[in-house]
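Participant:
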Amino acid sequence: MDSIRIVGGQPLHGEIPIGGAKNATLPLMAAGLLTEERLTLTRVPRLADIETMAELLAQHGIAVERCGNDGRSLSLGGAITNTEAPYDIVRKMRASILVLGPLLARMGEARVSLPGGCAIGTRPVDLHLKGLEQMGAVIELEAGYVVARVAGRLRGATIIFPTVSVGATENLLMAASLANGQTVLRNAAREPEIVDLCHCLVAMGARIGGIGTGELVVEGVDRLHAATHAIIPDRIETGTYACAVAITGGDVVLRDARVDHLGAVSRVLEEAGIGVTEVPEGVRVRRLNGLHGADVMTEPYPGFPTDMQAQFMALMAVAEGASMITESIFENRFMHVSELTRMGARVNVHGASAIVRGVPSLTGAPVMATDLRASSSLILAGLAAKGETVVSRVYHLDRGYEDVEGKLSAVGAKIERISE
Ligand code: EPZ
C-alpha cells in the first residue's frame, strides 16, 4: 500500500489543473447502458473509481475504451449481455448501484448486489428502490442482491423524495428517460453533476424539463442515441485545492475550475479570509489577510457540500478563533478528527457537530487515511504542519484525486509518494 510523505510549511504558487468531476463521470458512464449506440465522454479523469465502473460495465457487455489524443476520452458501446452486477465489484464502489435504473429500463430486469455501507455511513438505497417500484418494477431482496424486474416497460410516475438523494435522483432520471409516459421527480438533487447528467441525456435524445431545479419532468422516449459529452470540472477537487492554498497562505490559479459550481464553498472561504475570484483561466485562490474561523453546516447543493467537510476542518484547525462544523448528510463522517488531533488540532465532537479551536500550527505525524475525503484532509494538514507527515493507505485518495503529489509539487509543496 502506498503512502504520501509531506514536509509542511511551503506556500503554494502557480497553477493547478482541475480534472473532470468523478461524481459526474460515474453516472455518465452508467448512462452508456441506455443506448446500444456509442456514448463518448471527454475530460474523463484517471481515477480508481472510473476503472472500477469500466470493469462493471464490461461484464454487462459494454466495452469502455480510452481514446482521444490526451487519453482523457472514453468511448462506450455494445449490447448488454448480462444484467447482473456482482458483489465483488459493487462492494468496491457504491456508485455501482447506478446501473440498476438503466438495466431495468433497457432489459426489464436486473440483479444488482446491495452496495452495503461504507466508512461514512450505512448508505441505504431505499429511495432508489421505492422510486423504481412506483415506476412498475417488482423488487425483491435475495441473498444481498436487489432482484428487479418489470413486465414490459417502466411507466412514468410522480416521485417525491423525502430526503434529497444524489444517487436516487440519478438512477430514476436515467430510468425515466426510457419509461412509458411522464415522470416527475420532486425534491430532486440539484448538484452540478445532476445537471451534467441531464445535459448528456438530452444530447442522447431524452426529454427533460426543470434542469437545475428540484423538480425534474421527464417525458420518456422509446430509445436514446449516440452522443459526445464533455464532463464538467470537479468542484470537490477545486474546493480541496482551494483549501490547500488557503492553509499554506499561497496564491494559485485552479485551471478550468468553475466558480459558479462552488456554491457555498466560495462564500465560506471568503468569510474565512480567502479570496476566490473568477479569472479567464478558471478560479484564482489566495489568502488575503489571515485565516479566520467560520461555521458551516453540510447541506445538499447549493449548500456547503458534505464532500468538503473534512477538508474545511483541516483548514479551520489552523484558523484564528473557533469554527462549528455540522455534518447533516452522513452519520459517521468525522473519522478524520482523530488523525487531525494527533497532529495537534483541537476538535471536540458533539453528535453531528464538531467545535474546532484554531491552533498556531499543527505538527507533522504518521497518520492513516480512512476514506476518500478524510485522506485529502490529512494531506492538507500535512501541507501546513511543522515537520514531516506520512499519510498511509492512500488507496482511499486515489479513488477520487488524480496525481495529488504531482499537482501539489508543481506549485511548491514538498510532497512525494512512497510506493511499498
Ligand atoms: C453521492 O453519494 C456522492 N457520490 C457522494 O460523494 C456525496 O457525498 C453524496 O452524493 C452527497 O452529496 C457519488 O456521486 C458517486 P445521497 P450518494 O444519496 O448518492 C441518504 C465522495 O466523497 N439516502 O445523496 O450515495 C443517505 O444515507 C462521495 O465523492 C437514503 O436514506 O448520496 C445520506 O444520508 C462520498 N436513502 C443522504 O441520503 C437512499 O436511498 C444523501 O445521500 C439514498 C440516500
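Letter 292 of the sequence shown, counting from 1, is numbered 291 in numbering that gives the first Met the number 0, and no numbers are missing. C-beta: ideal position from N, C-alpha, C; glycine also.
Straight-line CA distance for Pro-299 to Asn-186?
Facilitator: Answer to the nearest angstrom: the Cα atoms are 11 Å apart.
Participant: Provide the residue(s) that pair with Gly-120 in DSSP beta bridges, ordered along the chain.
Facilitator: In DSSP, Gly-120 forms a bridge with Cys-117.
Participant: Got a sec: does the ligand EPZ put a non-hydrogen atom nearer than 7 Å to the Cβ of Glu-192?
Facilitator: Glu-192 Cβ: within cutoff of the ligand EPZ.
Participant: Curious, which full-length beta strand (DSSP E) runs of at least 3 residues does the segment 289 to 361 contain?
Facilitator: Taking only runs of at least 3 residues, the beta strand (DSSP E) segments lying wholly in the segment 289 to 361 are 321 to 325, 345 to 349, 352 to 356.
Participant: Going by alpha carbons, who is nearest to Leu-55 out of Gly-8, Gly-67, Ala-30?
Facilitator: Of the candidates Gly-8, Gly-67, Ala-30, the one whose C-alpha sits nearest the C-alpha of Leu-55 is Ala-30.
Participant: Counting pairs of Cβ atoms below 8 Å between the segment 10 to 18 and the segment 55 to 68, do you hit three or more?
Facilitator: Judged by Cβ distances under 8 Å, the segment 10 to 18 makes no contact with the segment 55 to 68, as fewer than three pairs qualify.
Participant: Residues in the same chain with beta-carbon distance under 7 Å from Leu-97, minus the five sequence neighbours each way, listed in chain order, please.
Facilitator: So the qualifying residues of the chain are Leu-25, Pro-26, Ala-29, Gly-166, Glu-169, Asn-170.
Participant: So Glu-35 is in the alpha helix (DSSP H); what residue range does that whole segment cover?
Facilitator: Here Glu-35 belongs to no alpha helix (DSSP H), and DSSP marks it neither H nor E.
Participant: In the DSSP assignment, find the unbroken beta strand (DSSP E) run with Glu-277 in it and report its ends.
Facilitator: That run of the beta strand (DSSP E) goes 273 to 278.
Participant: Can you check which of these residues, Thr-239, Asp-233, Leu-177, is closest to Asp-221 by C-alpha distance?
Facilitator: Among Thr-239, Asp-233, Leu-177, the Cα nearest to that of Asp-221 is on Leu-177.
Participant: Which residue wins for smallest C-alpha separation from Glu-270, given the options Asp-250, Phe-160, Phe-311?
Facilitator: Glu-270 has its Cα closest to that of Phe-311, out of Asp-250, Phe-160, Phe-311.
Participant: Grab the span of the beta strand (DSSP E) containing Asp-250 for me, first residue to last.
Facilitator: 250 to 254 is the extent of the beta strand (DSSP E) around Asp-250.
Participant: Answer with buried or exposed for Arg-285, where buried requires no fewer than 16 other C-beta atoms within 10 angstroms of its C-beta.
Facilitator: Counting Cβ neighbours within 10 Å, Arg-285 comes out buried, since at least 16 surround it.
Participant: Okay, do the segment 359 to 378 and the segment 331 to 350 touch, 3+ Cβ pairs below 8 Å being the bar?
Facilitator: Verdict: yes, contact present.
Participant: Quick one: is Leu-382 buried, meaning 16 or more other Cβ sit within 10 Å of its Cβ, or exposed?
Facilitator: Buried is the call here.
Participant: Rounded to whole angstroms, what is the Cα-Cα separation between Gly-209 and Glu-192?
Facilitator: Whole-angstrom Cα-Cα distance: 15 Å.
Participant: Can you tell me the Cβ-Cβ gap for Val-163 and Ala-188, rounded? I've got them flagged as a contact below 8 Å.
Facilitator: Sure, about 5 Å apart at Cβ, within 8 Å.
Participant: In this structure, what does DSSP give as the bridge partners for Arg-90?
Facilitator: Looking at the DSSP assignment, Arg-90 forms no beta bridge with any residue, so it has no partner.
Participant: Relative to the C-alpha of Thr-297, which residue among Thr-325, Ala-321, Leu-153 is closest?
Facilitator: Cα-wise, what sits closest to Thr-297 is Thr-325.
Participant: In terms of DSSP beta bridges, what is Gly-76 paired with?
Facilitator: Paired residues: Ala-62.
Participant: Have a look at Gln-9 and Met-307 and give me their C-alpha separation to the nearest angstrom.
Facilitator: Taking the straight line joining both Cα atoms gives about 22 Å.
Participant: Just to check my reading of the structure: Arg-45 and Leu-75 have Cβ atoms closer than 8 Å, yes? What is that Cβ distance to the nearest angstrom?
Facilitator: Arg-45 to Leu-75, Cβ: 16 Å. No contact.
Participant: Could you check which residue in Thr-39, Leu-253, Ala-118, Glu-236 has the C-alpha nearest to that of Ile-61?
Facilitator: Comparing Cα-Cα distances from Ile-61 to each of Thr-39, Leu-253, Ala-118, Glu-236, the minimum goes to Thr-39.
Participant: In chain order, what residues of the same chain lie with their CB nearer than 8 Å to the CB of Glu-280, ignoring the 5 residues before and after it?
Facilitator: Glu-14, Val-252, Arg-254, Asp-255, listed in sequence order.
Participant: Where do the ends of the beta strand (DSSP E) carrying Gly-208 lie?
Facilitator: 206 to 208 is the span of the beta strand (DSSP E), which, as asked, contains Gly-208.
Participant: Please list the terminal residues of the continuous alpha helix (DSSP H) segment that includes Pro-365.
Facilitator: Element bounds for Pro-365: not the alpha helix (DSSP H) but the beta strand (DSSP E), 365 to 367.
Participant: I need the boundaries of the alpha helix (DSSP H) containing Ser-176, first residue and last residue.
Facilitator: Where Ser-176 is concerned, the enclosing alpha helix (DSSP H) stretches over 165 to 176.
Participant: Comparing C-alpha positions only, which one of Arg-332, Leu-377, Glu-401, Leu-200 sits nearest to Gly-120?
Facilitator: Comparing Cα-Cα distances from Gly-120 to each of Arg-332, Leu-377, Glu-401, Leu-200, the minimum goes to Arg-332.
Participant: Where do the N-terminal and C-terminal ends of the alpha helix (DSSP H) with Val-194 fall, by residue?
Facilitator: Counting along the chain, the alpha helix (DSSP H) containing Val-194 begins and ends at 191 to 202.
Participant: Would you give the residue range spanned by the alpha helix (DSSP H) that His-127 belongs to?
Facilitator: Counting along the chain, the alpha helix (DSSP H) containing His-127 begins and ends at 125 to 133.
Participant: Taking Cβ positions, are Leu-407 and Ala-384 nearer each other than 8 Å?
Facilitator: No, Cβ-Cβ distance for Leu-407 and Ala-384 is not below 8 Å.
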